[in-house]
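Numbering (this note's numbering), first residue to last: 312 to 416.
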């Protein structure tokens, strides 16, 4: 269902800046539970979109929070941000293209 996928992409694009800000805050404050929760949300959304590499990175960050072992969290977050920067244009393009084609039909 292209329309559902477009909606999921839109939700992700809207929510991801706040999620990333929350992760930065959690890492700055060394708040493991906040990191775990937010990374879990990101991971779930990426899983729905089938974005494997970013999903795996978010999962590593979630594990850091779960284990309260945050020594690598900042580096993993930078890796996640880089990966999201790489896929964001394709997601925006898909959402835009899907919207235009659904309006044409």
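In this text, a Cβ means the ideal position worked out from N, Cα and C, and glycines have one as well.
Check your understanding: At a cut of 8 Å, does the segment 337-346 reach the segment 357-365 through at least three beta carbon pairs?
Key -> no
Point to revise | Residue of 374, 378 and 353 minimising C-alpha distance to residue 392 | key: Against the chain shown, residue 392 aligns to sequence position 81. The residue with the shortest Cα to Cα distance from residue 392 is 353.
Review point. Taking three-plus beta-carbon pairs below 8 Å as touching, is the segment 398-410 in contact with the segment 370-388?
Key: no
Point to revise | Whether residue 335 touches residue 388 by CB criterion (8 Å) | key: Taking the chain shown and counting its residues from 1, the one referred to as residue 335 is at position 24. Taking the chain shown and counting its residues from 1, the one referred to as residue 388 is at position 77. Cβ distance < 8 Å, so residue 335 and residue 388 count as in contact.
Check your understanding: Cα separation between residue 349 and residue 367?
Key -> The residue given as residue 349 occupies position 38 in the chain shown. The residue given as residue 367 occupies position 56 in the chain shown. About 14 Å.
Exercise for review: Would you mind listing the alpha helix (DSSP H) stretches within the segment 319-360 that are 4+ residues and don't spill past its ends, in chain order?
Suggested key: 343-360
Check your understanding: In chain order, what residues of the same chain have a beta carbon less than 8 Å from the beta carbon of residue 385, not counting five sequence neighbours either side?
Key -> Residue numbering aside, residue 385 sits at position 74 when the chain shown is read from its first letter. If we look at residue 385 and ignore the five residues flanking it on each side, its Cβ neighbours are 338.
Review point. Within this structure, are the beta carbons of residue 313 and residue 402 separated by less than 8 Å?
Key: Reading the chain shown from its first residue, position 2 is the one you call residue 313. Reading the chain shown from its first residue, position 91 is the one you call residue 402. Against a cut-off of 8 Å, the Cβ pair of residue 402 and residue 313 comes out as no contact.
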